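The sequence shown runs 302 to 663 under our numbering. Data block below; observations after.
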Amino acid sequence: MSQVVRGVVARAKGEPVTIENIVVPDPGPGEAVVKIQACGVCHTDLHYREGGINDEFPFLLGHEAAGTVEAVGEGVTNVAPGDYVILNWRAVCGDCRACLKGKPQYCFNTHNAEQKMTLEDGTELSPALGIGAFIEKTLVHSGQCTPVDPEAPATAAGLLGCGVMAGIGAAINTGGVGRGDSVAVFGCGGVGDAAIAGAHLAGASKIIAVDLDDQKLEWAKDFGATHTCNAGSTDPVEYIRSVTDGNGADVCIEAVGNPKVYEQAFFARDLAGTVVLVGVPNPEMKIELPFIEVFGRGGALKSSWYGDCLPSRDFPMLIDLYQQGRLDLDRFVSETISIDDVEEAFHKMEAGDVLRSVVVLP
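Here it is as structure tokens:
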């Protein structure tokens, strides 16, 4: 029997979200119904509401979540009812050319639930990143469920489902930050601070945080930044060179998704250094760089997809680090809110007042 539960819906571009009754079908083959315990308010959800991802309204928002598997469909063997899981948007297929090359973190054929959740009038919903987790219960593909230690609170664990994993992975997986490296992170929101935390975990010797907001720069220090630069008053390229013996950083991570900021990251790296783009640009943005500089500086320009993570490998490992006290996921949680407060949380996010608002479900 299908269930009717409350969820957060964006009906049209730029309009405030609404709380709606959502019909969640029983799980079909390969699917699972998950009772959501907590879900972070990620900037990607705001992108959906603003039409920055696509125009497949109405959207069921929310994707950065943890909860308990309630039911599974035919053929599901990777999870069972009662399992405590973090949801992910990279359910790898195992059959595409990336998976067959042994690189499932780049899977080109990730998949979601086949059935659709709907409004009570039958209108089909587009779940954010194939998840839709600002809801009491959601329907996903079982491959989107990664079991982790149930002792980890959902308010912290769920953050690995998107922003924190993206940032940590941008530093460690994509950027390859290693012991003694110098790292510059441009943009110190949730993803940027996670990149700082990842660089700190990896043993970077200098971690330079760049932002326009002094409060965010203070927060960045809590995650491991050794130097800070307010780009509104100081040239970040010159500053980064000044604290790296005139060379530039080994790894520069752009966590904004802005062409001008990317250009700064490009020129702030050392020769043969790496630039990692993990900030999400909008489809209209373009960038122009001197081609001779692309050639002459060597190194690598990389884009980080979901922190190039493999959830089955990375989520349990990061939860272990959290439980050992080596990764402070709780520090990302600025406030806990109810499902009715998501619209206000978007406003706080836009104002830069929070790192993460986290919806706690009853």
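For each residue, glycine too, the CB sits at the ideal point set by N, CA and C. All figures in this text were calculated on a predicted structure; none of them were measured in a lab.
From the listed residues C343, T439, V386, the smallest Cα separation to V305 is found for T439. The residue from F647, T369, D523 with its alpha-carbon nearest to that of D346 is F647. Given a length threshold of 3 residues, each whole run of the beta strand (DSSP E) inside the region 395-451 is given here in chain order: 438-442, 446-448.
Residues L361 of the same chain have their beta carbon placed closer than 6 Å to that of P428, with the five preceding and five following residues left out of the count. Distances from the CA of D327 to each of A569, T527, A414 were compared; the closest alpha carbon is that of A414. Just so you know, the alpha carbons of K417 and S605 end up roughly 29 Å apart. Between L460 and L630, the C-beta spacing is below 8 Å. The C-alpha of C530 lies about 18 Å from the C-alpha of H501. Contact between the region 464-483 and the region 439-448 is absent: fewer than 3 CB-CB pairs across the two stretches fall below 8 Å.
Annotation for Y385: the continuous beta strand (DSSP E) segment containing it runs 385-388.
Within 10 angstroms of the beta-carbon of L401 lie fewer than 16 other beta-carbons, which makes it exposed. By the C-beta criterion, the region 609-619 is judged to be in contact with the region 385-398, since at least 3 inter-stretch pairs fall below 8 Å. If you compare the alpha carbons of G403, V577, A367, E421 with that of G488, the shortest gap goes to V577. P405 is positioned such that its CB atom lies no closer than 8 Å to that of L572.
Between the alpha carbons of P663 and M302 lies a gap of roughly 22 Å.
Short of 7 Å from the beta carbon of G331, and not among the five residues preceding or following it, lie these beta carbons of its own chain, in chain order: G374, G376, V377, H442, S443.
The DSSP-derived three-state label of H364 is coil.
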